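Asks: Below is one structure. I have some questions about it.
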Amino acid sequence: MLFGILVNEGPYQHQASDSAYLFAKAAIEEGHKIFRVFFYHDGVNNGTRLATPPQDDRHIPNRWSELAAEHEIDLVLCVAAAQRRGMVDPDEMKRNKKDADNIAEKFRISGLGQLIEAGVQTERLITFGD
Amino acid sequence: MLFGILVNEGPYQHQASDSAYLFAKAAIEEGHKIFRVFFYHDGVNNGTRLATPPQDDRHIPNRWSELAAEHEIDLVLCVAAAQRRGMVDPDEMKRNKKDADNIAEKFRISGLGQLIEAGVQTERLITFGD
Amino acid sequence: MLHTVNKSPFEKNSLETCLRLIDESSSILLIEDGVYGALKNTSVSDSVINAQKTTKIYVLGPDLKARGLDKSSLISNIEVIDYKGFVNLTIENEKIQNWL
Amino acid sequence: MLHTVNKSPFEKNSLETCLRLIDESSSILLIEDGVYGALKNTSVSDSVINAQKTTKIYVLGPDLKARGLDKSSLISNIEVIDYKGFVNLTIENEKIQNWL
Amino acid sequence: MEEELESGVVKKFLYINRRAPHGTVYAHEALEVVLIGAAFEQDVSLAFIDDGVFQLKKDQDTSEINTKNFSKIFSALEMYDVEKLYVEKESLELRGLTEDDLSVDVKVIDSAEMKKLITDSEVIFNF
Amino acid sequence: MEEELESGVVKKFLYINRRAPHGTVYAHEALEVVLIGAAFEQDVSLAFIDDGVFQLKKDQDTSEINTKNFSKIFSALEMYDVEKLYVEKESLELRGLTEDDLSVDVKVIDSAEMKKLITDSEVIFNF
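So the sequence lines, in the order shown, correspond to chains C, U, S, V, F and W.
Under our numbering, residues 1 to 130 are what the first sequence spells out, in order.
Under our numbering, residues 1 to 130 are what the second sequence spells out, in order.
Under our numbering, residues 1 to 100 are what the third sequence spells out, in order.
Under our numbering, residues 1 to 100 are what the fourth sequence spells out, in order.
Under our numbering, residues 1 to 127 are what the fifth sequence spells out, in order.
Under our numbering, residues 1 to 127 are what the sixth sequence spells out, in order.
Printed below as a string of structure tokens:
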């Protein structure tokens with residue numbers, strides 16, 4: 001089965017990103033495929049590479065990067081939500097004349113069309129949010 | 001009157017940061033003083049300099065920076081919350097071996113003691129959150 | 001004591017808990033989505049009217065206006081104030097409790 | 001259709017609305033703070049028991065355990081499942097509705 | 001985007017709006033999804049339930065809180081061929097509102113009809 | 001920090017906890033404030049109201065959701081001289097809980113007493 005996942009909250013503040021991750025992992029273990037995880041609203045904050053959680057705590061952004069690397073999952077941050085909240089990749093950095101970017105590995109920034117596409121192309125779209 | 005303000009949510013997702021800003025501005029216009037604005041939980045995300053909101057929208061982080069510059073307000077991001085969420089100043093960048101920082105002007109990162117101190121030293125502490 | 005409530009009473013229990021736990025000498029200021037608690041003819045209007053016997057209720061005008069509401073939409077005797085009025089309430093009352 | 005609810009029924013109206021708007025052939029999975037809706041002897045237990053006449057209710061075990069609860073705390077006939085069971089529910093049901 | 005248009009798959013999309021405007025960004029950012037989604041030529045419906053009905057309240061004016069008054073977008077939805085707006089009657093009534101309080105033409109339906117609308121949809125978005 | 005200790009100001013701090021644990025971080029990060037605040041030698045009380053009572057539920061085990069089990073910190077609060085924990089009776093009852101379900105010693109008080117606790121406080125934190 002082909003899944004799309006929508007994550008609407010940032011890391012640590014709400015359980016949404018944790019639940020989405022554990023769901024994605026379980027789906028993969030059951031032999032299914034995650035077509036795309038789309039991060040919207042504060043969800044875009046999951047894509048930062050600047051987080052340093054306590055050593056005895058889970059590293060939410062890294063965990064997504066690793067899962068994506070291992071299972072070829074497309075991790076997309078909504079560009080409009082990312083711009084409002086200060087999530088920047090090298091292209092956005094140049095375009096908006098910023099002096100740094102902060103996106104983590106395996107995440108990319110793209111438009112809301114990618115979310116609609118996930119709704120059209122996948123067999124199940126599931127949302128985790130507040 | 002001396003005020004302390006606690007902001008518990010990030011920019012744009014919740015009205016909290018907008019309300020806190022309008023309250024602070026009105027308090028200053030009425031001749032009062034803001035001792036400190038402490039940003040906790042997702043509130044730390046107000047301190048990013050990488051945001052590019054649409055041109056016809058308010059720029060929440062810049063608005064805080066400007067108010068602080070004009071009226072000598074201490075803007076403090078909680079260090080523990082900031083580390084979890086990827087808000088980094090040059091010191092934190094070095095300490096945690098990151099390759100970029102993203103803090104906006106006039107914001108600084110410090111400990112939760114600064115919040116307690118605001119509770120002790122101010123005459124009124126008001127919280128804006130979700 | 002000044003109590004603020006920023007949540008819609010139809011979505012969350014913040015106003016309900018505030019009304020259960022406020023002292024008689026308190027005032028309540030409804031802000032953000034909390035302003036919906038000031039509407040007349042709703043499922044929570046009666047409990048707000050009942051609270052008015054002992055509690056003065058205010059609503060933040062800018063938040064009311066943003067939501068397409070005005071004084072004519074509200075329960076009687078709820079006072080509409082601006083941010084300046086909000087600041088003054090926090091000064092008149094020695095303590096503040098924010099129900100989130 | 002599979003309906004998920006992730007909010008405490010004591011804090012927010014998500015479960016209440018879900019119960020009002022689900023079709024008879026639906027299943028409900030309680031996750032995150034939504035698991036509190038499965039507790040017995042609470043102010044919402046009766047409405048959940050009533051819904052069980054037509055709706056199968058599941059609760060996510062890892063979230064239940066995190067909150068210090070187990071099967072003995074729950075209303076009868078609520079099934080505790082793990083993330084693998086969660087995935088299987090989304091496959092058995094053709095559609096998903098997430099009440100946030 | 002073209003890829004989808006070419007794929008010819010048309011699904012029944014339902015956007016469920018259950019939150020008040022302005023207190024959080026969900027209502028506003030949900031509308032951005034609807035606008036982008038309109039280009040994909042799917043079968044789109046919007047449902048307003050619970051505090052979501054407040055999104056459609058007439059006369060919203062955000063000038064004093066300096067945020068965007070996105071409520072104006074609702075009246076533009078028709079130009080994007082998004083024309084099926086459903087409002088739950090029970091949600092309106094509990095909030096002391098009537099159809100006259102709303103800024104756009106909608107279809108007011110009861111809970112039983114809303115239940116059917118949800119059941120008949122294929123992809124549901126909740127923000 | 002020393003500055004405050006030297007200032008000698010002692011205020012009545014009240015932390016009001018109204019949220020369930022784990023679904024959001026508020027309960028956990030509130031506890032971090034309590035721990036840091038303990039060093040400031042203020043007069044500290046904690047109130048558990050509404051879903052906040054769930055924070056004190058016994059036997060929490062977060063191993064299967066991979067988050068921190070901060071509920072263990074409650075039993076350590078005594079070492080920090082944080083000893084006044086108040087739980088609202090009505091909140092427990094609505095949730096089918098009794099004092100036996102809780103992991104630490106608390107004082108269960110009714111709404112009237114909770115009202116007085118709030119009124120008598122000087123600085124109140126809500127997260």
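Even for Gly, the Cβ is constructed at its ideal location relative to N, Cα and C.
Bear in mind the structure is a predicted one, so any value in this text is a computation, not a measurement.
Secondary structure at C/A104, three-state DSSP: helix, strand or coil?
Replies: In this structure, C/A104 counts as coil in the three-state DSSP scheme.
Asks: Using only CA atoms, which one of C/D57, C/K98, C/M1 and C/A16 lies nearest to C/V44?
Replies: Checking every option, the nearest Cα to that of C/V44 belongs to C/A16.
Asks: Grab the span of the alpha helix (DSSP H) containing U/G113 for me, first residue to last.
Replies: Taken as a continuous stretch (DSSP letters only), the alpha helix (DSSP H) holding U/G113 covers G113 to Q121.
Asks: Nearest to F/V104 by alpha carbon, out of F/K58, F/K116, F/E93 and F/A112?
Replies: If we check each option's Cα against that of F/V104, F/K58 comes out closest.
Asks: Does C/R108 get closer than 8 Å to chain U when you measure Cβ to Cβ?
Replies: False, the Cβ-Cβ gap to chain U never drops below 8 Å.
Asks: In angstroms with no decimal places, state the Cα-to-Cα distance between U/F107 and U/L77.
Replies: So the two alpha carbons sit approximately 7 Å from each other.
Asks: For a test of the three-state rule: what should DSSP assign to U/Y21, helix, strand or coil?
Replies: It is helical.
Asks: Would a C-beta distance cut-off of 8 Å place S/G37 and S/L15 closer than the cut-off?
Replies: Cβ atoms of S/G37 and S/L15: closer than 8 Å.
Asks: Quick check: what's the CA-CA separation for V/K95 versus C/R124?
Replies: Each residue's alpha carbon lies about 7 Å from the other.
Asks: Determine, using beta carbons only, whether S/E32 comes closer than 8 Å to chain U.
Replies: Chain U contact via Cβ: present.
Asks: Does any CB atom of chain U fall closer than 8 Å to the CB of W/E83?
Replies: Cβ-Cβ to chain U under 8 Å: no for W/E83.
Asks: For F/E2, I'd like the list of residues in its chain whose CB is within less than 8 Å of its CB, leaving aside the five on either flank, ordered along the chain.
Replies: No answer about F/E2 holds up, because its pLDDT of 43 lies below 50 and its placement is not dependable.
Asks: Note down, in chain order, each residue of its chain lying with its Cβ closer than 6 Å to the Cβ of V/T42, except the 5 sequence neighbours on either side.
Replies: Taken in chain order, the list of residues that qualify is empty.
Asks: Helix, strand or coil: how does DSSP classify V/Y83 here?
Replies: DSSP places V/Y83 in helix when its eight states are reduced to three.
Asks: What residue range does the beta strand (DSSP E) around W/N126 cover?
Replies: From DSSP, the beta strand (DSSP E) with W/N126 extends over V123 to N126.
Asks: Grab the span of the alpha helix (DSSP H) containing U/V79 for me, first residue to last.
Replies: V79 to R85 is the extent of the alpha helix (DSSP H) around U/V79.
Asks: Which residues does DSSP list as the beta-bridge partners of V/S27?
Replies: DSSP output for V/S27 lists V/L2 and V/K56 as bridge partner(s).
Asks: Of all Cβ atoms in chain U, is any one closer than 8 Å to the Cβ of F/M1?
Replies: Any reading at F/M1 must be qualified, since the residue scores a pLDDT of 43, below 50, and its modelled position is unreliable; no value is offered.
Asks: Assuming C/L6 contacts C/T127 under a Cβ cut-off of 8 Å, what Cβ separation, rounded to an integer in Å, is found between them?
Replies: Sure, about 4 Å apart at Cβ, within 8 Å.
Asks: Please confirm whether W/S45 has its beta-carbon closer than 8 Å to some beta-carbon of chain S.
Replies: Closer than 8 Å: no.
Asks: Could you give the distance in angstroms between the alpha-carbon of S/A66 and the alpha-carbon of F/S63?
Replies: S/A66 and F/S63: Cα-Cα distance of roughly 7 Å.
Asks: Inspect the beta-carbon positions of S/I75 and S/V48 and report whether they are closer than 8 Å.
Replies: Yes; because the gap between Cβ atoms is below 8 Å, this pair is in contact.
Asks: For chain S, find out if any of its Cβ atoms is closer than 8 Å to the Cβ of W/E122; answer yes or no.
Replies: Output row for W/E122: interface = yes.
Asks: Which parts of the segment 13 to 86 of chain F are runs of the beta strand (DSSP E), unbroken and 3 residues or longer, counting only runs that do not cross its ends?
Replies: Segments of the beta strand (DSSP E) lying fully in the segment 13 to 86 of chain F: 43 to 48.
Asks: Got a sec? Which residues, its chain only, sit under 8 Å from W/D43 by beta carbon, not counting five neighbours each side?
Replies: V10, K11, K12 and F13, listed in sequence order.
Asks: Could you please give the first and the last residue of the uninterrupted alpha helix (DSSP H) stretch that includes U/G4?
Replies: Segment L2 to V7 is the beta strand (DSSP E) holding U/G4; no alpha helix (DSSP H) there.
Asks: Which same chain residues, not among the five before or five after U/A81, have their C-beta less than 7 Å away from its C-beta?
Replies: Closer than 7 Å at the Cβ level, and outside the excluded window around U/A81, lie Y40, H41 and V44.
Asks: Applying the 10 Å Cβ sphere with the 16-neighbour rule, what's the burial state of V/N6?
Replies: Buried is the call here.
Asks: Measuring alpha carbon to alpha carbon, tell me which of C/E70, C/G119 and C/P61 ends up nearest C/M87.
Replies: Residue C/P61 is the option with its Cα nearest to C/M87.
Asks: Is S/N13 close to chain V, meaning its C-beta is less than 8 Å from at least one C-beta of that chain?
Replies: At least one chain V Cβ lies under 8 Å of S/N13.
Asks: Excluding the 5 residues preceding and the 5 following U/R85 in the sequence, name in chain order all residues of the same chain whose CB lies nearer than 8 Å to its CB.
Replies: Answer for U/R85: D42, V44 and N45, listed in chain order.
Asks: In chain order, what residues of the same chain have a beta carbon less than 7 Å from the beta carbon of S/L19, not counting five sequence neighbours either side?
Replies: Within the same chain, S/L19 has close Cβ partners S47 and A51.
Asks: Roughly how far, in whole angstroms, is the beta-carbon of F/D110 from the beta-carbon of V/N13, given that I think they are within contact range, below 8 Å?
Replies: Actually they do not touch by this definition, with Cβ atoms about 18 Å apart.
Asks: DSSP three-state label for S/T90, please.
Replies: Looking at S/T90 - three-state DSSP - the assignment turns out to be helix.
Asks: Which residue wins for smallest C-alpha separation from C/Q55, given the options U/A26, U/Q83, U/I73 and U/N102?
Replies: Comparing Cα positions, the closest option is U/Q83.
Asks: Where does the unbroken alpha helix (DSSP H) through F/K115 begin, and where does it stop?
Replies: Where F/K115 is concerned, the enclosing alpha helix (DSSP H) stretches over S111 to D120.
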